[in-house]
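Each residue of the sequence shown is one higher than the one before, counting from 69 in this note's numbering.
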Amino acid sequence: PLDQSTEWLELLNEHPIFSDGIANENIEFVDGKQSCLAFSNNELYVAIGSKIRVLNLLDLMSAFVRFDHDDVTTDALDRLNEVDYVELQIPEIGFQIRSIVPDSYHKARMIAVAGDSELVVVTLPEYTEEDDDDCRAYTVGTLHEPGEGIKIMKVAWHPLSEYGSHLVVLTEDGVLKMYDVFEDLKQPEQIIYFSSKARPPSRYASFDSKSEDAASFCFGEGEDDWGPFVIYVVMKEGDIRAVCPFLPNRRQAENSYNLDKKAYSTLYELYRRQAKWICSVMNQIEDYENEKVVINPPTLSEHIEIQGPFEINPKPITSTHTYEATDIIYLDSDPVGVIIIAYDNGFVNAYIQFERIEGAWQLSKLPPYCPSLTLYECIDLDFSQSNTSLIKHSPSLVRDALLPDRIFVYHGEGLHAISVQPWLRELKRMYEKGIEAGDISVLQADIHSDVIWVATTQDNAIHASGSHVDGSGRIFFQNQGLPESDPLVGLCLIHGAPLCYAVIMLTKSRTVACQELALPTAINAISSVQLRPFIQSEKPVASPSPAIEALSQFFNSQGLPRRPQIIQSRNVPDSSRAKLTPEMTASVVQLAKYLNRYAEAIITGLDDLDNRTKAQAAQLFQLSDAIEGAVLFEAEARERLLALRERQRTIEIRAMTLLQKLLHEQEPASDEQQQIYLESLERLKLEIDDENGGGLRARINELEEIHESLRGDYHLLKPQNKTSLKLSGSQLAKVREALSKETEMIEETKQKIDFIQDKLEQLRLNIL
69 PLDQSTEWLE
79 LLNEHPIFSD
89 GIANENIEFV
99 DGKQSCLAFS
109 NNELYVAIGS
119 KIRVLNLLDL
129 MSAFVRFDHD
139 DVTTDALDRL
149 NEVDYVELQI
159 PEIGFQIRSI
169 VPDSYHKARM
179 IAVAGDSELV
189 VVTLPEYTEE
199 DDDDCRAYTV
209 GTLHEPGEGI
219 KIMKVAWHPL
229 SEYGSHLVVL
239 TEDGVLKMYD
249 VFEDLKQPEQ
259 IIYFSSKARP
269 PSRYASFDSK
279 SEDAASFCFG
289 EGEDDWGPFV
299 IYVVMKEGDI
309 RAVCPFLPNR
319 RQAENSYNLD
329 KKAYSTLYEL
339 YRRQAKWICS
349 VMNQIEDYEN
359 EKVVINPPTL
369 SEHIEIQGPF
379 EINPKPITST
389 HTYEATDIIY
399 LDSDPVGVII
409 IAYDNGFVNA
419 YIQFERIEGA
429 WQLSKLPPYC
439 PSLTLYECID
449 LDFSQSNTSL
459 IKHSPSLVRD
469 ALLPDRIFVY
479 HGEGLHAISV
489 QPWLRELKRM
499 YEKGIEAGDI
509 SVLQADIHSD
519 VIWVATTQDN
529 AIHASGSHVD
539 GSGRIFFQNQ
549 GLPESDPLVG
559 LCLIHGAPLC
569 YAVIMLTKSR
579 TVACQELALP
589 TAINAISSVQ
599 LRPFIQSEKP
609 VASPSPAIEA
619 LSQFFNSQGL
629 PRRPQIIQSR
639 NVPDSSRAKL
649 TPEMTASVVQ
659 LAKYLNRYAE
669 AIITGLDDLD
679 NRTKAQAAQL
689 FQLSDAIEGA
699 VLFEAEARER
709 LLALRERQRT
719 IEIRAMTLLQ
729 KLLHEQEPAS
739 DEQQQIYLES
749 LERLKLEIDD
759 ENGGGLRARI
769 NELEEIHESL
779 RGDYHLLKPQ
789 NKTSLKLSGS
799 QLAKVREALS
809 KETEMIEETK
819 QKIDFIQDKL
829 EQLRLNIL
């Protein structure tokens, strides 16, 4: 049985949203890229012909969970029918939909719908309900003159738009337009011409090149440079060009983007323009403490310079232009930027950007500047060259939602996942060691990207290797009347706390395949800890190497399969699938041999794991015995320590006694004097506290009473103003004599009291 958390994902292909009315719908497949599947705000958007259907995946998952608790006998397919989809009623869309792009700013309440040469913006209500007719559709601009038939190559919402209302459109003739759908749907806010045949006189100029047709574009990234302000455009012949700054009139960005730009102002002509532009931006920022700010990018008198085409070093091996570029994507990785371009012949080139793009304007004093890229790797997806593959491949690149160094490439034959982490990790290590960027030793190392074939739409091809795609592992069945290929026309990644982390694929026949992905982990799966010799034993335990080479190919796939999932088309009859020919039998035999070798490798790896586990168990037993011995030793040591403490206390007492005896024998006279001193102190104490009334304390009390009685007569000694008392000489002498005696008695008594108190204090200290 399927796990409850992903059962709804496995059965998603059976939902009526992909099957209702498909037979009656006139769906024509057109060459070129298609993106008929999108995910935003827990809702799945599917374009079928000229219709758009919406399915809430969170409601679908909740229905499965609810049935698991309420009714365990309910069939799984019945659960799908409990959650209905919504088909949007948009009469303005009368064309075959090529791509749908929800706006993430408004939680998919605005959707850009593009056909071959038509573009419509659809606004949705806050909550979509069944047969919802509260949708509004607005035609965007006049992309070209009537009858020209210029195709739309790509449509995307600008990520720095203040209200998420700026739509960027690239047409095949090399014209890049940006519309503010809230302000003006007819006239673009900005126009950039990348082709001389479409550029009016005195407009943004480009370098002369044979490449006149545009293929795709992508936005730059970064936090400490001009990265978020750059847009990259790839032409069909592979030329790469960039424009910086390319921003909406009102844009929203992290405040750190602006504060870090002050360091770029220099005395050079170009940098003066950058400084002027940056200072104008800084003057619009009122509060530097806000995380995000909204500004109007300044307009200089000079036009923005189109930088490119980029110089590629080294040159690609293939020199003849028998192929066309189809898509481009930029990865802001550490420590360098990575640009990946897909071609319709099955090649995917990975370029390293050592020098970041900066803002540039057309200046007559400065010569044209061509930035450079370093070609690191050419990945061959090995597209089928058989006659059954009649549809032109147009690979599209989709960024992984959680892993910044992994992308998905979907095309006519299926889906590939490419991870540039292996060689980026080595490049980062080189930078940390202080190696200059010019040292290309890491570029010469044999470190490839991880390429995994996730799914295939070819009924007549089975990919047998599942590792790095090089064409050696694929087995082809001879064409025996099988229907034409069912290419992928849409791909989206779902993620978030309520839902799972998975990739959903949509084919031309509206067949859906899902592949659940593993959440990224910070620990390398094949990394292992060396067995350390903690315990020295007479019989050492032999342990195998920590890295098990036989199983290394099964790790680091991040949940992706090692063999591609075969997507069966809805249009393939069962009779055609059941045909078996001698050629197919021989191919199956070859596949069985490969699977046998595959199984032998797994068994060998498991044997290595078993031996390693046994060695670790033996070492664990040794460590356990050593720990038990250490515990016993600790208990014995604790008992010995307690005994030593008691013995030390006894020795200290004996030593103190002996010391006192020695002092008494060496100075006996001092002991007698001390005894006499103590006896005198006792005598003084008795004199002070004599109970018979003759003690010093009693005398002090008596003197204090006499003093208090005489205090009332002291005013007689004060001179009187009215009557002056005059004493004779003999009388005055007697008074003075009496007062002098009283004063002497008081002073003498105070001295005795102070002396006695000092003696008592010394006695108390000696006793203690």
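All residues carry an ideal CB built from backbone N, CA and C; glycine is no exception.
- Between Y419 and Y391, the CB-CB gap reaches or exceeds 8 Å.
- The Cβ-Cβ distance between P296 and E289 falls below 8 Å.
- The C-beta of R147 has 16 or more other C-beta atoms within 10 Å across all chains shown, which makes the residue buried.
- Under the three-state reduction of DSSP output, V656 falls in the helix class.
- Looking at the DSSP output, P170 sits in a beta bridge with I179.
- For Q255, same chain residues with a beta-carbon under 6 Å away, outside a window of 5 residues either side, do not exist.
- DSSP lists L559, A581 as the bridge partner or partners of M573.
- For secondary structure counted as the beta strand (DSSP E) over 3 or more consecutive residues, the segment 743 to 783 holds no complete run.
- Burial is judged here by how many other beta carbons sit within 10 angstroms of a residue's own beta carbon; T681 has fewer than 16 and is exposed.
- Per the DSSP secondary-structure output, I520 pairs in a beta bridge with A485.
- The Cβ atoms of C446 and N413 lie no closer than 8 Å to each other.
- Comparing alpha-carbon positions, the option among L778, Q819, A205, I821 lying closest to L807 turns out to be L778.
- In the three-state reduction of the DSSP assignment, A586 falls in the coil class.
- For A410, the enclosing beta strand (DSSP E) covers residues 405 to 411.
- If you draw a straight line from the Cα of D88 to the Cα of H461, it is about 28 Å long.
- Here Y113 is not near I165, since their CB atoms are 8 Å or more apart.
- Distances from the CA of N81 to each of R578, L710, F287, E720 were compared; the closest alpha carbon is that of R578.
- For F107, the enclosing beta strand (DSSP E) begins and ends at 105 to 108.
- For A410, the closest C-alpha among the options N381, K729, Y478 is that of Y478.
- DSSP places A283 in the uninterrupted beta strand (DSSP E) bounded by 282 to 287.
- Taking the Cα of D402 as reference, the smallest distance to any Cα among F451, M498, T394 is reached at M498.
- Residues of the same chain with a CB within less than 7 Å of the CB of A570, apart from the 5 flanking positions on each side, are L77, I562, C582, Q583, E584, L585 in chain order.
- Under DSSP, Y247 takes part in a beta bridge, and its partners are L235.
- Boundaries for D252: no beta strand (DSSP E) harbours it, and the DSSP string shows neither H nor E there.
- Cβ-Cβ distances below 7 Å link S130 to nothing in the same chain once the five nearest sequence neighbours on each side are left out.
- C104 and G558 do touch by the CB rule: their CB atoms are close to 4 Å apart, below 8 Å.
- The beta carbon of F132 is closer than 7 Å to those of Q72, E75, W76, R147 in its chain, skipping five residues each way along the sequence.
- G502 is classed as exposed because its beta carbon has fewer than 16 other beta carbons within 10 Å across all chains shown.
- In the DSSP annotation of this structure, S229 is not part of any beta strand (DSSP E), being labelled neither H nor E.
- Secondary structure remark: continuous beta strand (DSSP E) runs of at least 3 residues inside the segment 114 to 163, in chain order: 119 to 124, 154 to 156.
- As computed with DSSP, V477 is found in a beta bridge with L465, H484.
- Spanning the alpha carbons of D678 and I671 requires a straight line of approximately 10 Å.
- Within the model, the alpha-carbon separation for I695 versus T718 is close to 35 Å.
- Beta bridge pairing from DSSP links T191 with M178, R204.
- Here R121 really is in contact with V154; their C-beta atoms are around 7 Å apart, less than 8 Å.
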